[in-house]
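Engineer: Dropping the structure in here first, questions after.
Residue numbers (the working numbering), protein chains in the order written: chain B, 1321 to 1640; chain E, -12 to 268.
As structure tokens, this is what we get:
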């Protein structure tokens, strides 16, 4: 029986993970952390196996108080770090502190913590570089997007990923980094979901790249496997569905409008300005030309994770 | 793609006939869940490609092939061929020939130059028919999955070679042999006779880095001449039996293996040139 600390617990993935851990007989207690006040967070029955705390992870002292306070008292052995900003238009030092420095603090503190022995970090497929001279099928050794011109959204994710990877084998606790495919769902931070959520999907004319999409259920399954597993490393977490962008759009039931790439970015910028949509074409431009599919072989062999939950496509039905 | 698989299926049924549909239905490919493999191949588009290539294969280039039984029916393998002709019709004819002459039908996975991925429509249609961009990671994944790679070690310099250089192999890249040794894949040398005369080149205009395409060829004819293609398959070179996977790291071994493949392809070309009765026959 272990106790687990979950950061970002009020996100869709976090909430579902907490539910799942509470139902897991191998878990003694879940310490859930989020931004929201207690009365608005995690509205479900927990039979005294869940403690929720609103904590501002951008403040180092709060992180210290969390880890050497409730986390130590509850004898948390595993930290599942899901906290991170999901809007690519947000920028600045505070966002960086939330995306990167919070994880760095957790790792620094965990190294001398009396009970924490394992940290599971949720990373993202967006950390990988997409280019025409790189493979479509991406393994964990694929080059990362270290472009200085990448937006903060990407740079923060890459930095957080590398911060975790750099400590593997050196820290006193085991570190697992899961580079997850996008989960199609509201509030998951999925760029593809925000793209499909519009009235029309503009896509680069003449290009139809292969994509891989996941569900929240599969990401939670992978996080659970990593929580209970042993050893450390970096693992891709692909989803069940691998399909071309055009099929994705069709199955979602949104009309597609192929346009020259140069026109798409200003139109999505306009959409962001008018509706506040999170989709940022510049972030996805290469992926919408050349594609990116995560190879989950390593996660299958080491963690025993196999994606098993297909996306519930609104316009599902026959493939053709 | 601008149209869906069922439209590709309808076109191939209408114009390709039952043989094309039969091949598409018997095609073995690793379906990633929605009818496509992870690189974008779809059997209905393979049938469409087969249909589009048929008039060229049967009527225009009147392809004759020799030794297709030497292509392994299962497991990873590499077809290494000469490359020429300004337009990649040789790749299309070789792809069609392998598809038609293997039983059960195998879709060879042509490994294309990077710039192909930047071409609208073409890149997508090619991907649906099995073409992959020439990165090491793509080749590795396909060989590990037991696929048949189609590689032109001369690359773009081969397809744009001047007419005076016909049937003279250009600089022969070595990556295919490194892959063959590392992933235990036999190499089948292929000599394509005919393509080197299909579109004689007058010159070429460098793009100066403004495009992913290295240069624009200036051919003497607007369309390929109706030369007859002769495709000769050689005996598989079992590098996988002669070397261990670790030998792929030895540059000398890889160089020597590539030289052997080059000699085998050159020998097939010379044999094919001796056998044919004329450029159009």
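Note that CB positions come from ideal geometry on N, CA and C, so glycine has one too.
Determine the chain E residues that contact residue 1525 of chain B at a beta-carbon separation under 7 angstroms, and present them in chain order.
Structural biologist: What you label residue 1525 of chain B is simply residue 205 of the first chain in a count that begins at 1. 107, listed in chain order.
Engineer: Report the CB separation of residue 36 of chain E from residue -8 of chain E in whole angstroms; it is logged as a contact under 8 angstroms.
Structural biologist: Position 49 of the second chain, counted from the start, is the residue given in the question as residue 36 of chain E. Position 5 of the second chain, counted from the start, is the residue given in the question as residue -8 of chain E. Actually they do not touch by this definition, with Cβ atoms about 13 angstroms apart.
Engineer: Once DSSP output is grouped into helix, strand and coil, what is the label at residue 1478 of chain B?
Structural biologist: The residue given as residue 1478 of chain B occupies position 158 in the first chain. Note: residue 1478 of chain B maps to helix in three-state DSSP.
Engineer: If we define contact as Cβ-Cβ less than 9 angstroms, is residue 1528 of chain B a contact residue for chain E?
Structural biologist: For the purposes of this step, residue 1528 of chain B is taken as residue 208 along the first chain, with counting starting at 1. Chain E, which has a Cβ nearer than 9 angstroms to the Cβ of residue 1528 of chain B, makes this yes.
Engineer: Taking C-beta pairs closer than 9 angstroms, name the residues in chain B that residue 36 of chain E reaches, listed in chain order.
Structural biologist: Counting from one through the second chain, the residue named residue 36 of chain E turns up at place 49. By Cβ distance, chain B contributes nothing, its closest Cβ being about 15 angstroms from residue 36 of chain E, past 9 angstroms.
Engineer: Please check if any C-beta of chain B sits within less than 9 angstroms of the C-beta of residue 217 of chain E.
Structural biologist: Mapped onto the second chain, residue 217 of chain E falls at position 230. By this cut-off, residue 217 of chain E is not an interface position.
Engineer: Suppose only complete runs of 4+ residues qualify. What are the alpha helix (DSSP H) ranges in the stretch 1521 to 1608 of chain B, listed by chain order?
Structural biologist: Those alpha helix (DSSP H) runs which fall completely within the stretch 1521 to 1608 of chain B and span 4+ residues are 1536 to 1548, 1565 to 1572, 1581 to 1595 and 1601 to 1604.
Engineer: Suppose the cutoff is 6 angstroms on Cβ atoms and the five residues either side in sequence are ignored; what does the same chain contact list for residue 1626 of chain B look like?
Structural biologist: Sequence index remark: in the first chain, residue 1626 of chain B carries index 306 (1-based). Closer than 6 angstroms at the Cβ level, and outside the excluded window around residue 1626 of chain B, lie 1620.
Engineer: Counting only Cβ pairs nearer than 7 angstroms, list the residues of chain E close to residue 1613 of chain B.
Structural biologist: For this step, residue 1613 of chain B is matched to residue 293 along the first chain. Near residue 1613 of chain B (Cβ distances below 7 angstroms), the residues of chain E are 25.
Engineer: Rounded to the nearest angstrom, what separates residue 1404 of chain B and residue 1395 of chain B at their Cα positions?
Structural biologist: Start at 1 with the first residue of the first chain, and residue 1404 of chain B comes out as number 84. Start at 1 with the first residue of the first chain, and residue 1395 of chain B comes out as number 75. Near 24 angstroms, if we compare the C-alpha coordinates of residue 1395 of chain B and residue 1404 of chain B.
Engineer: Along the stretch 1584 to 1612 of chain B, where does the CB come closer than 8 angstroms to a CB of chain E? Name the residues.
Structural biologist: Residues 1609, 1610 and 1611.
Engineer: Give the residues of chain B in contact with residue 128 of chain E, contact being defined as C-beta atoms less than 9 angstroms apart.
Structural biologist: Position 141 of the second chain, counted from the first residue, corresponds to residue 128 of chain E. Near residue 128 of chain E (Cβ distances below 9 angstroms), the residues of chain B are 1455, 1456, 1457, 1459 and 1615.
Engineer: Counting only Cβ-Cβ distances shorter than 8 angstroms, please list the residues of the stretch 1558 to 1587 of chain B near chain E, keeping chain order.
Structural biologist: Going along the stretch 1558 to 1587 of chain B in chain order, one finds 1560, 1561, 1562, 1563, 1564, 1566, 1567, 1570 and 1578 with a Cβ nearer than 8 angstroms to chain E.
Engineer: What residue does the beta strand (DSSP E) around residue 179 of chain E start on, and which one ends it?
Structural biologist: The residue labelled residue 179 of chain E in the question sits at position 192 within the second chain. Run containing residue 179 of chain E: 174 to 180, per the beta strand (DSSP E) assignment.
Engineer: With a Cβ-Cβ cutoff of 9 angstroms, do residue 1501 of chain B and residue 1556 of chain B count as a contact?
Structural biologist: Position 181 of the first chain holds residue 1501 of chain B. Position 236 of the first chain holds residue 1556 of chain B. Contact flag set, yes.
Engineer: Please say whether residue 30 of chain E and residue 11 of chain E have beta carbons closer to each other than 9 angstroms?
Structural biologist: Stepping through the second chain from its first residue, residue 11 of chain E is reached at position 24. Stepping through the second chain from its first residue, residue 30 of chain E is reached at position 43. Yes, they are a contact pair.
Engineer: Who does residue 1374 of chain B pair with in a DSSP beta bridge?
Structural biologist: Mapped onto the first chain, residue 1374 of chain B falls at position 54. Answer by DSSP bridge pairing, in chain order: B/1354.
Engineer: Can you tell me the Cβ-Cβ gap for residue 211 of chain E and residue 185 of chain E, rounded? I've got them flagged as a contact below 8 angstroms.
Structural biologist: Numbered from 1 along the second chain, position 224 holds the residue referred to as residue 211 of chain E. Numbered from 1 along the second chain, position 198 holds the residue referred to as residue 185 of chain E. About 4 angstroms; that satisfies the 8 angstroms criterion.
Engineer: Taking any Cβ of chain B, which residues in the stretch -4 to 27 of chain E have a Cβ under 9 angstroms from it, in chain order?
Structural biologist: So the close ones are -4, 19, 20, 21, 22, 23, 24, 25, 26 and 27.
Engineer: Any heavy atom of the ligand MG closer than 8 angstroms to the beta-carbon of residue 1407 of chain B?
Structural biologist: Only the bare structure without any ligand can be found here, which leaves the ligand MG out of the picture.
Engineer: What is the DSSP secondary structure of residue 75 of chain E, counted as helix, strand or coil?
Structural biologist: What you label residue 75 of chain E is simply residue 88 of the second chain in a count that begins at 1. The answer is coil: DSSP assigns residue 75 of chain E none of H, G, I, E or B.
Engineer: Quick one: residues in its chain with C-beta nearer than 7 angstroms to the C-beta of residue 268 of chain E, no 5 flanking neighbours on either side, listed in chain order?
Structural biologist: As a position in the second chain, residue 268 of chain E is number 281, starting the count at 1. Cβ neighbours of residue 268 of chain E beyond the five flanking positions: 215.
Engineer: Under three-state DSSP, which class holds residue 134 of chain E?
Structural biologist: Indexing the second chain from 1 puts residue 134 of chain E at position 147. In the structure shown, residue 134 of chain E sits in coil (DSSP, three-state: anything other than H, G, I, E or B).
Engineer: Rounded to a whole number of angstroms, what is the C-alpha to C-alpha distance between residue 1345 of chain B and residue 1379 of chain B?
Structural biologist: The count along the first chain starts at 1 and reaches residue 1345 of chain B at position 25. The count along the first chain starts at 1 and reaches residue 1379 of chain B at position 59. Using only the alpha carbons, I get a separation of about 33 angstroms.
Engineer: DSSP on residue 1444 of chain B, reduced to helix/strand/coil?
Structural biologist: Indexing the first chain from 1 puts residue 1444 of chain B at position 124. The answer is strand: DSSP assigns residue 1444 of chain B an E or B state.
Engineer: In the structure shown, what three-state DSSP assignment does residue 1392 of chain B receive?
Structural biologist: Start at 1 with the first residue of the first chain, and residue 1392 of chain B comes out as number 72. Helix, per DSSP.
Engineer: Closer than 7 angstroms by C-beta to residue 1358 of chain B: which residues in its own chain qualify, once you throw out the five before and the five after it? Chain order, please.
Structural biologist: Numbered from its first residue, the first chain carries residue 1358 of chain B at position 38. Correct list, in chain order: 1372 and 1374.
Engineer: Assign residue 1323 of chain B to one of two classes, buried (16 or more other C-beta atoms within 10 Å of its C-beta) or exposed (fewer than that).
Structural biologist: Along the first chain, one-based indexing puts residue 1323 of chain B at 3. With 16 or more Cβ atoms within 10 Å of its Cβ, residue 1323 of chain B is classed as buried.
Engineer: Would you call the stretch 83 to 93 of chain E in contact with the stretch 236 to 252 of chain E, where contact means no fewer than 3 C-beta pairs closer than 8 angstroms?
Structural biologist: No, the stretch 83 to 93 of chain E does not touch the stretch 236 to 252 of chain E.
Engineer: Is residue 124 of chain E close to chain B? Criterion is C-beta to C-beta, closer than 9 angstroms.
Structural biologist: The residue you call residue 124 of chain E lines up with position 137 of the second chain. Output row for residue 124 of chain E: interface = yes.
Engineer: Closer than 9 angstroms, CB to CB, is residue 85 of chain E near chain B or not?
Structural biologist: The residue given as residue 85 of chain E occupies position 98 in the second chain. Residue 85 of chain E does not count as touching chain B.
Engineer: How many Å lie between residue 1484 of chain B and residue 1381 of chain B at the Cα?
Structural biologist: Locating residue 1484 of chain B in the first chain gives position 164, where the first residue counts as 1. Locating residue 1381 of chain B in the first chain gives position 61, where the first residue counts as 1. Their Cα atoms are separated by approximately 20 angstroms.
Engineer: Which partner residues of residue 1495 of chain B appear in the DSSP bridge assignment?
Structural biologist: Residue 1495 of chain B sits at position 175 when you count from the first residue of the first chain. According to DSSP, which records beta bridges pairwise, residue 1495 of chain B is partnered with B/1439.
Engineer: Going by CA-CA distance only, name the one from B/1522, B/1544 and B/1601 that's closest to residue 1579 of chain B.
Structural biologist: Residue 1579 of chain B sits at position 259 when you count from the first residue of the first chain. Nearest of B/1522, B/1544 and B/1601 to residue 1579 of chain B, Cα basis: B/1522.
Engineer: Can you check whether the CB of residue 1434 of chain B is closer than 9 angstroms to the CB of residue 1392 of chain B?
Structural biologist: Against the first chain, residue 1392 of chain B aligns to sequence position 72. Against the first chain, residue 1434 of chain B aligns to sequence position 114. Contact: yes.
Engineer: Looking at C-alpha atoms only, which residue of E/258, E/202 and E/208 is the closest neighbour of residue 218 of chain E?
Structural biologist: As a working note, residue 218 of chain E is residue 231 in the second chain. Per the Cα distances, E/258.
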